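Using the numbering used here, read the sequence shown as starting at 22 and increasing by one per residue.
In this text, a Cβ means the ideal position worked out from N, Cα and C, and glycines have one as well.
Only a predicted model underlies this, so the values are computations on that prediction, with no experimental measurement involved.
Structure record follows, encoded as structure tokens.
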Amino acid sequence: MLDTLPYAPDTQAKTRFASSARTHSRKPSWKAAGQFDRLGAAYEVMQARGAKTFTLRLGPDALERVTVSADPARVMSRRIARAFERAGVQVPFLAFSLEVTPNERNQLHLHGAIDLSGISEDLAKDILRDAADRIEGRAGSRQIKIKPFDMNKGGPMGWANYTRRGYARTRRVLGQERVTYMPDLLRRLARTSWDGSRQIKSVTHLH
22 MLDTLPYAPD TQAKTRFASS ARTHSRKPSW KAAGQFDRLG AAYEVMQARG AKTFTLRLGP
82 DALERVTVSA DPARVMSRRI ARAFERAGVQ VPFLAFSLEV TPNERNQLHL HGAIDLSGIS
142 EDLAKDILRD AADRIEGRAG SRQIKIKPFD MNKGGPMGWA NYTRRGYART RRVLGQERVT
202 YMPDLLRRLA RTSWDGSRQI KSVTHLH
């Protein structure tokens with residue numbers, strides 16, 4: 022049975038945060054940043070490319086295969102890549118976090134962002150449903166949602182923080198610390214953007 026746990030901050034980042042915060046206007050180095058801070062940075066890069074957010078519910082088969090894995094986020098990323106390859110479509114830029122629902126339905130969702138350049142939204146939805154084990158019936162119509170980033174809710178960083186809130190519960194159920202995924206190229210772009218913003222903040226702080 023899944024139950025609701027109190028919000029747990031990104032403790033991996035928090036323990037190394039204080040010293041860099043005083044110097045860099047409360048923004049840690051990339052090395053000290055936690056996985057949700059990095060995910061937010063990746064979302065910022067993706068938003069600049071016109072990416073949108075997505076929420077994807079996993080069906081029974083995907084749920085079982087992902088939850089028994091030692092690296093659930095990596096397993097799910099490979100399922101997505103294979104689904105796009107089967108459809109003859111280049112795997113798009115995407116990043117996501119896993120989240121266990123705060124109730125007794127034992128549902129696992131992906132909350133992420135996807136670059137739809139060169140692919141229709143409807144086709145992307147269809148392929149993602151296949152990757153997540155297609156749910157049929159009325160529930161299937163709600164299995165995948167794609168929307169623009171909501172700037173009234175914090176934009177890219179707000180979207181990353183949305184799944185940060187349920188991290189303690191998700192980590193406990195999956196038995197894994199890492200619940201986020203982004204490809205290596207996106208990670209490098211996110212780090213470059215993050216480091217650049219830290220330099221700007223540092224110069225601003227000196228003035």
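What's the C-alpha gap between residue i and residue j?
{"i": "G133", "j": "K48", "result": "23 angstroms"}
{"i": "G80", "j": "I156", "result": "6 angstroms"}
{"i": "L115", "j": "L84", "result": "20 angstroms"}
{"i": "G139", "j": "V194", "result": "37 angstroms"}
{"i": "Q220", "j": "S50", "result": "10 angstroms"}
{"i": "L144", "j": "E106", "result": "13 angstroms"}
{"i": "G176", "j": "F170", "result": "5 angstroms"}
{"i": "L131", "j": "G161", "result": "15 angstroms"}
{"i": "G109", "j": "S141", "result": "14 angstroms"}
{"i": "P123", "j": "V112", "result": "31 angstroms"}
{"i": "K146", "j": "I135", "result": "11 angstroms"}
{"i": "R208", "j": "A54", "result": "13 angstroms"}
Could you name the residues of the same chain whose beta carbon sits closer than 6 angstroms to that of residue i, not counting the 5 residues immediately before and after it, in chain order?
{"i": "L210", "result": "V66"}
{"i": "R100", "result": "A152"}
{"i": "Y202", "result": "A94, S98, F117"}
Since residue i and residue j should fall inside the 8 angstroms C-beta cutoff, what is the C-beta to C-beta distance between them, to a whole number of angstroms?
{"i": "A63", "j": "V200", "result": "Not a contact, Cβ separation roughly 14 angstroms."}
{"i": "W180", "j": "T74", "result": "6 angstroms"}
{"i": "T191", "j": "V121", "result": "5 angstroms"}
{"i": "V96", "j": "R86", "result": "6 angstroms"}
Between which residues of its own chain and residue i is the CB-CB distance below 7 angstroms, once the five residues before and five after are set aside?
{"i": "R212", "result": "W51"}
{"i": "E198", "result": "R192"}
By Cβ distance, which residues of its chain are closer than 8 angstroms to residue i, with the 5 residues on each side in sequence left out?
{"i": "Q164", "result": "L77, R78, G80, R150, A153, R155, I156"}
task: Specify whether the stretch 53-60 and the stretch 147-166 touch according to this definition: at least 3 beta carbon pairs, one from each stretch, less than 8 angstroms apart.
output: The answer is no - the stretch 147-166 does not touch the stretch 53-60, with fewer than three Cβ pairs under 8 angstroms.
task: Just list the beta strand (DSSP E) runs in the stretch 55-116, keeping only unbroken ones of 3 residues or longer that don't cross its boundaries, in chain order.
output: If we require 3 residues or more, the beta strand (DSSP E) runs fully inside the stretch 55-116 come out as 73-78.
message: Runs of 4 residues minimum, wholly inside the stretch 155-215: which ones carry the alpha helix (DSSP H) assignment?
response: Counting whole runs of 4 or more residues, the stretch 155-215 contains the alpha helix (DSSP H) stretches 176-185, 188-195.
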